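The structure appears below as structure tokens.
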Amino acid sequence: MKRFAVGLGMVLSAGMAMGQSCVSQSQMKVEEKDALKLAAYTLALGVQANDDAGVKAQTVAEYAKDFAGVAGVMSDASPKLKGGKAAVEQVYVLDASQMKATGDAQFYCTLNGSTAEADFTIPQLPVGRYGFAMVRFDGAEPWRVSFLLRQEAGKWLLAGIYPKPLSAGGHEGLWYWQQAREFSAKKQPWVAWLYDQEAEVLLQPAPFVSSTHLEKLAGELASAAPPEVKGGVSDAAKLVVKGADGVEYRFTSLGTDNSLGKEKIDVAAHLKVDALGDAAAARKRNLDAMAALVTAHPELKGAFHGVWIFADAPGQTAYATEAAMAEIK
């Protein structure tokens, strides 16, 4: 699934700057809450309409002078938001005005006087007063556009934009989380682990945002992981699956994909190969790798529409093949 995001603080680093505070929506003064909501709502409608000029006029200088990145995100997101009704879900004020200089900032936001928290970890954040807003679009498929805003001369200006779908295969994140628990109880850890991954993707509004609930989900994701992938799947920790003919397939990632928009999501795996070969050979190898993966873990058949295999060879564009479960032999 393609992800879109442009904004301050996209790479994490160690060492948090001092002098940050958070005000949640329930603790804000009415005037400030209304101003922040209005700014986010106006920007959201601009993104929906793909109004480059309108959004650029409400963008901080460092992005307005080189607007191509934001414009590209808007162009990709706008068709997904078409016809959707926008509503501001939540806003926060993130005050970094007391920082001495640009640095890593961390904000802890208590929610409604409870023990629940929303946390924001934003690296290399310039000194200033910020807001974070989440706007939901309800249409044929629900989407959310989250914004990082900076207050300048009394106005809230765009400093980051993070659009993403809220559903996959016709279901939202909480459904995948609940289903993952049920699959775990049925001793189907591969489905549980992959469904927890999908839940995390759908529920996290931006890459620098965490919360009490997201941390709980991350803990369940780690617990659900089958023994073979407890340490994750990567180039350094490959998942090795042997086919019926004894050929070993070395996977460097295993996740989910909703790019086809089917009634169920797909499994998506990256396969490490020395060379792609011609198209016919590459396709056959990908299909054989699918068969090996599904044969090794048959529980995947009922929970997913199909499988994507992306064969990665040094210096070459990945060769992708998709097949529905019924087509995988």
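Here the sequence shown stands for residues -19 to -1, 1 to 310, where the numbers follow mature numbering (1 follows the signal peptide of the UniProt record, and there is no 0).
A virtual CB, placed ideally from N, CA and C, is assigned to each residue, including glycine.
Fair warning: this is a prediction, and the values are worked out from it, not measured in the lab.
Identify the continuous alpha helix (DSSP H) that holds residue i and give its terminal residues.
i	result
aspartate 269	260 to 277
serine 59	49 to 62
glutamine 178	170 to 184
alanine 284	281 to 284
valine 214	No alpha helix (DSSP H) holds valine 214; DSSP gives it neither H nor E.
aspartate 33	33 to 37
glutamate 43	42 to 45
If residue i sits next to residue j, beta carbons under 8 Å apart, how far is it from one beta carbon to the other, in whole angstroms?
i	j	result
glutamine 178	leucine 202	7 Å
lysine 14	valine 72	6 Å
valine 74	glycine 112	6 Å
phenylalanine 128	glutamine 1	Phenylalanine 128 to glutamine 1, Cβ: 19 Å. No contact.
glutamine 222	alanine 273	Strictly speaking, residue 222 in this sequence is valine, with glutamine absent from that position. Between alanine 273 and valine 222 the Cβ distance is about 5 Å, and since that is below 8 Å, they are a contact.
valine 190	phenylalanine 101	6 Å
According to DSSP, which residues form a beta bridge with residue i?
i	result
histidine 251	Ser234 and Phe291
valine 72	Ala114
lysine 243	DSSP output for lysine 243 lists no bridge partner at all.
threonine 302	Ile290
valine 222	Tyr230
valine 4	Val74
alanine 67	Phe118
Can you tell me where the beta strand (DSSP E) holding residue i begins and where it ends?
i	result
serine 191	190 to 192
threonine 23	No beta strand (DSSP E) contains threonine 23, which is instead part of the alpha helix (DSSP H) from 11 to 29.
For residue i, decide whether its Cβ has a neighbour in chain C, counting only Cβ atoms nearer than 8 Å.
i	result
glutamate 13	Within the model displayed, chain C is absent; a lone protein chain is all it includes.
Out of the options, which one is the CA nearest neighbour of residue i?
i	options	result
aspartate 76	Leu19, Ala68 and Leu106	Leu106
aspartate 33	Asp57, Gln297 and Glu12	Asp57
valine 210	Arg231, Glu43 and Phe118	Arg231
isoleucine 290	Arg131, Ala263 and Gly296	Ala263
alanine 250	Ala260, Gly258, Glu244 and Asp269	Asp269
proline 60	Trp156, Met306 and Leu26	Leu26
threonine 40	Ala52, Ala284, Leu138 and Ala68	Leu138
arginine 110	Glu122, Gly120, Gln132 and Thr298	Gln132
glycine 53	Gly296, Ala272, Val116 and Asn31	Asn31
glycine 151	Gly213, Leu183 and Tyr143	Leu183
glutamate 70	Arg117, Ala272 and Gly283	Arg117
glutamine 159	Thr233, Tyr44 and Trp174	Trp174
Problem set entry | Sequence ranges, alpha helix (DSSP H) only - wholly within the region 76 to 159, length at least 4 | none
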